[in-house]
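In the UniProt record's numbering, the protein residues as written are 1 to 299. Note that the Cβ used here is the ideal one computed from N, Cα and C, for glycine as well. Note that the coordinates shown come from a computational prediction; the quantities given were computed from them, not determined experimentally.
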């Protein structure tokens, strides 16, 4: 999910592939650009997190402490969930599931039912500081959470029971994502390390060599072969995204350099029939860049 400093307005393009956004910031027009439809605000304050829920629905969380489900096609707000006491930091769901999960600065995680009441259907308390990482298993039966309290926890989503808790010194979690079809969870941290957790025993299965800067976000390819992480940075130092091989070699494959400040988010883009594998990154330098995954070249 690519997040800038969004202030609560949902936008969707009526027409796709109207332009190529290059890594150097230039735009190559391929045909006339049609209008952009702008919908009404989903939140009353800054939007902090957005995730896909179903092909036509997305879920968002905001500083207004609420979680919203909306249709990106119509702009209609379908559900609004209220329960957190402080800012929502992360939202996620198992794709095509009716369950939504949210993390907050109130140190808790909540589960919401798309077709249920406006209140949470399950609470997951237990962290000592703000919850900054949230990943749900593909079948939505288990949840992994991470926090600035240096811990990663595993939960049973049906009972709310904490199934495991692991602490690593200085492991201030920044993001979590579940590897499709596997029991593994990828985690980035302020200690500049990317870890692979085995969710079965909640143990670190592998740690990639530490980067030079804080790792802010991560994503996993749909085939489960690669993961992507992004770095903090300033004045042209750092700010790169890094591609890692999750197979046996588990090595660094490539870096994508071009942002001048912290790269806040990174994502693998869906691959079209005639398109090369691509990734996208967003940054505090006010740009979104699209890259060829295999060459690191401009998108």
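Asked                                                                                                                                                             : Found
Given that a residue counts as buried once 16 or more other Cβ atoms are within 10 Å of its Cβ, and exposed if not, what is residue 120?                          : buried
Please list the segments of the alpha helix (DSSP H) lying wholly inside the segment 147-214, counting only runs of 4 or more residues, in order along the chain. : none
On the DSSP bridge assignment, give the partners of residue 112 in chain order.                                                                                   : 100
What separation, rounded to the nearest whole angstrom, lies between the Cα atoms of residue 61 and residue 135?                                                  : 15 Å
Can you tell me whether DSSP reads residue 260 as helix, strand or coil?                                                                                          : coil
Taking 8 Å as the threshold (C-beta atoms), are residue 145 and residue 127 in contact?                                                                           : yes
Which of the three DSSP states, helix, strand or coil, is assigned to residue 244?                                                                                : strand
Compute the Euclidean distance between the alpha carbons of residue 161 and residue 170, then round it to the nearest angstrom.                                   : 26 Å
From which residue to which residue does the beta strand (DSSP E) around residue 88 run?                                                                          : 88-92
For residue 72, does the three-state DSSP call read helix, strand or coil?                                                                                        : coil
Is residue 184 closer than 8 Å to residue 196 when the C-beta atoms are compared?                                                                                 : yes
Using CA atoms only, rank isn't needed, just tell me which of 138, 42, 97 and 163 is closest to residue 75.                                                       : 42
Provide the residue(s) that pair with residue 136 in DSSP beta bridges, ordered along the chain.                                                                  : 143
How about the segment 185-192 and the segment 235-243: do they share at least three Cβ pairs that are nearer than 8 Å?                                            : no
Kindly indicate which three-state DSSP category residue 280 falls into: helix, strand or coil?                                                                    : strand
Which word fits residue 236, buried or exposed, when buried means at least 16 other C-beta atoms lie within 10 angstroms of its C-beta?                           : exposed
Output the distance between the C-alpha atoms of residue 6 and residue 225, rounded to the nearest integer angstrom.                                              : Only weak support is given to the placement of residue 6: the predicted model assigns it a pLDDT of 39, under 50, and the question is left unresolved by the model.
For residue 77, which of helix, strand or coil comes out of DSSP?                                                                                                 : strand
Taking 7 Å as the limit between beta carbons, can you name the residues of its chain near residue 51, skipping five residues before and five after?               : 1, 58, 59, 91, 92 and 93
Taking the alpha-carbon positions, what's the residue 255 to residue 269 distance?                                                                                : 17 Å
Could you check where the beta strand (DSSP E) with residue 62 kicks off and where it finishes?                                                                   : 57-62
Tell me the residue span of the beta strand (DSSP E) that contains residue 230.                                                                                   : 226-231
Where does residue 274 fall in DSSP's three states?                                                                                                               : coil
Per DSSP, residue 125 is paired with what?                                                                                                                        : None; residue 125 has no bridge partner.
On the CB-based measure, 16 or more other CB atoms within 10 Å of its CB, does residue 203 come out buried or exposed?                                            : exposed
Residue 275: which of 207, 152, 290 and 82 sits nearest, CA to CA?                                                                                                : 290
Can you give me the start and stop residues for the beta strand (DSSP E) that residue 269 sits inside?                                                            : Note, residue 269: premise wrong, no beta strand (DSSP E); not H, not E.
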